[in-house]
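Here is the structure we will look at.
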Amino acid sequence: MSGTLRFVGGHQVPKSSNWAPTRRADKAANHLTPPGAMSISRPAARCLFQAPSHISKLCPRVRRQNFHASAPLPQRRRPRFASIKASELQAPAKETFPAYTAEEKAALSKIYTPEQIAAIEAGEQAIDPEDLKSHGMLRTDLGRLEYIDDLSNTQPVIDKKLMDYKIDPNWTLDQDKVGEKFIAYLDKVMEEHPEDIDPEDPMYAEKHRPNRLDTLKAMQAELGDPSTYALAPAIPGNFTKDPTTGTGAVDGKDEEMENDPLDPDGVYNRFRKQTGYTMRQILDFKVKVLVRHRVVNQTRLGKIESLYCLAVAGNGNGILGIGEAKGQEVEDTMNNAKIAAMRNMQPIPRYEDRTIFGTVEGKVSAVEVQLMSRPPGFGLRCQHLIFEMCRALGIHDLAAKVPRSRNKMNTIKATYQALMKQRIPDEVARGRGKKLVDVRKVYYAGQV
7 MSGTLRFVGG
17 HQVPKSSNWA
27 PTRRADKAAN
37 HLTPPGAMSI
47 SRPAARCLFQ
57 APSHISKLCP
67 RVRRQNFHAS
77 APLPQRRRPR
87 FASIKASELQ
97 APAKETFPAY
107 TAEEKAALSK
117 IYTPEQIAAI
127 EAGEQAIDPE
137 DLKSHGMLRT
147 DLGRLEYIDD
157 LSNTQPVIDK
167 KLMDYKIDPN
177 WTLDQDKVGE
187 KFIAYLDKVM
197 EEHPEDIDPE
207 DPMYAEKHRP
217 NRLDTLKAMQ
227 AELGDPSTYA
237 LAPAIPGNFT
247 KDPTTGTGAV
257 DGKDEEMEND
267 PLDPDGVYNR
277 FRKQTGYTMR
287 QILDFKVKVL
297 VRHRVVNQTR
307 LGKIESLYCL
317 AVAGNGNGIL
327 GIGEAKGQEV
337 EDTMNNAKIA
347 AMRNMQPIPR
357 YEDRTIFGTV
367 EGKVSAVEVQ
377 LMSRPPGFGL
387 RCQHLIFEMC
397 RALGIHDLAA
407 KVPRSRNKMN
417 TIKATYQALM
427 KQRIPDEVAR
437 GRGKKLVDVR
447 KVYYAGQV
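Here the sequence shown is numbered in the working numbering, starting from 7 and rising by one per residue.
Spelled out as structure tokens, the structure:
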């Protein structure tokens with residue numbers, strides 16, 4: 007390295023090196039050179055007239071703080087709602103409250119005078135549709151009216167009749183006032199009709215007895231128009247009478263039913279009388295006892311043993327029920343459980359009469375049951391308890407899981423609970439205010 011040096015930008019550079027000042031080098035040199043220093047690439051006048059700025063730069067820079075502890079947002083906050091033009095805001099109000107058309111004005115001209123029509127048009131122009139929309143109470147929910155009505159007039163079909171006077175609901179509690187009013191009414195009748203009253207006289211009865219027309223008028227005055235009311239049929243006088251045999255209860259004791267040849271012991275006599283089933287229908291039910299074990303009740307006299315039975319019953323066509331019974335005799339307890347199961351039968355929805363709707367779950371105590379629908383031909387892939395319930399119900403394609411405890415009694419109850427918790431698509435559509443139609447019944451003539 008040579009000992010000869012040259013000054014470039016206030017720095018010593020070897021004379022033998024091939025180095026030339028550039029714009030970037032000049033900037034670096036100016037950055038490293040003090041403000042008052044002079045260099046080759048910097049004019050002398052600029053160095054002389056530049057004021058030193060060391061005083062302002064020596065002050066400590068304090069960061070600007072906010073009045074709250076949250077971090078400042080460096081970016082501009084976006085608006086929550088998109089920009090909408092005023093014309094777009096006014097359009098829904100005009101659609102809700104449209105102006106009178108030419109046909110409507112022609113219809114109004116037949117009822118009102120030109121001065122009245124001019125007043126109506128002036129009133130329409132004075133009211134802003136947007137103000138009417140914001141202050142008007144027009145409902146948009148499912149329970150809204152299909153027409154615009156201020157409910158100032160009552161309609162006899164859907165509205166309750168208004169009474170001309172207010173009735174005190176407790177007026178019958180004061181017996182003295184009721185008696186005084188009744189005596190005053192009788193005195194008024196005797197004053198208006200001073201002739202002698204003879205109820206046994208046929209002429210008097212024909213004259214004063216109310217006929218059917220008077221009764222109809224009285225009902226119409228009390229209830230309103232009879233065509234607007236749907237009255238249930240009256241209860242027959244002797245509703246304990248059997249319409250088929252023509253015999254009824256005598257002295258409060260029911261006649262004993264004769265034993266059916268299919269039931270010589272009369273086990274189902276009371277059940278047949280309560281439900282109206284015939285013995286043939288009872289025998290056609292698919293009934294089976296699934297749980298049977300011995301239970302013990304500890305008393306002060308010792309342990310009392312009993313037999314517990316749980317049975318399921320169904321018709322194989324969408325009806326299923328479970329019944330429990332406890333007793334001392336085995337046969338009587340099993341019969342009572344079967345009768346209880348048949349009495350508790352309820353309809354259960356089925357999809358295509360072969361499986362369930364979707365996936366349902368049931369939980370009783372520590373038992374959890376999951377039932378899942380499956381395609382045709384899948385079969386019943388589940389444990390024996392659920393298998394018997396599905397066979398009694400009429401389900402042919404089903405998969406089930408019992409991940410936790412597998413107690414037999416709780417498994418049957420949890421399965422029955424899950425079957426009753428199904429959500430039918432029709433109910434879901436009805437809850438959303440829509441109607442669900444199965445188009446397969448149209449394209450395939452109902453063969454689905």
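All residues carry an ideal CB built from backbone N, CA and C; glycine is no exception.
Every value quoted in this text rests on a predicted model; they were computed, and no experiment measured them.
Residues near residue i by beta carbon distance below 7 Å, same chain, minus five either side
i: E311; result: R300 and V302
i: Y357; result: F363 and S379
i: A6; result: Outside the displayed span of the chain (7 to 454) sits residue 6, for which this structure offers no information.
Pair within 7 Å by beta-carbon distance, residue i and residue j
i: M348; j: F291; result: yes
i: F188; j: L138; result: no
i: R111; j: P135; result: It should be pointed out that residue 111 corresponds to Lys in this sequence rather than to Arg. Their beta carbons are not under 7 Å apart, which means K111 does not touch P135 by this criterion.
i: T361; j: L307; result: no
i: G327; j: N350; result: yes
i: V336; j: V375; result: no
i: T421; j: V373; result: no
i: A435; j: L377; result: no
i: G439; j: L179; result: no
Cross-strand partners of residue i (DSSP beta bridge)
i: A406; result: L377
i: R83; result: For R83, which the question treats as bridged, DSSP gives no partner whatsoever.
i: V434; result: Answer is none; V434 lacks a bridge partner.
i: N303; result: I310
i: T361; result: Y357
i: G368; result: V375
i: K172; result: DSSP lists no partner for K172.
i: Q352; result: L326
i: G333; result: L313
i: R298; result: C315
i: L386; result: L404
i: V293; result: A319
Cβ distance (whole Å) where residue i is taken to contact residue j below 8 Å
i: I173; j: F277; result: Not confirmed; about 49 Å, so no contact.
i: G324; j: I354; result: 6 Å
i: T160; j: L151; result: The Cβ separation is near 15 Å, so there is no contact.
i: G400; j: D359; result: 7 Å
Sequence-distant residues of the same chain with beta carbon closer than 6 Å to residue i, five excluded per side
i: F384; result: D403
i: R298; result: C315
i: P85; result: none
i: A108; result: none
i: L442; result: P431, D432 and A435
i: D257; result: For D257, the predicted model reports a pLDDT of 45, less than 50, meaning its position is unreliable and no value from the coordinates is stated.
Distance cut-off 6 Å: residue i Cβ against heavy atoms of the ligand SAH
i: M285; result: By its list of ligands, the structure shown contains no ligand whatsoever, and the ligand SAH lies outside what it can speak to.
Contacts around residue i, its chain only, beta-carbon distance under 8 Å, and the 5 residues preceding and following it disregarded
i: L268; result: M285, R286 and L289
i: G437; result: none
i: D271; result: N265
i: C396; result: L386, C388, H402 and L404
i: L114; result: Y106, I123 and I126
i: V184; result: W177 and T178
Below 8 Å, how does it come out for the region 405–414 and the region 371–390: are there three or more Cβ pairs, yes or no? yes
Under 8 Å, with one C-beta from each stretch per pair, do the region 313–326 and the region 367–374 reach the 3-pair mark? no
Give a yes or no on contact between the region 320–327 and the region 282–296, applying the rule of three or more CB pairs nearer than 8 Å. The region 320–327 makes contact with the region 282–296: 3 or more CB pairs, one atom from each, lie closer than 8 Å.
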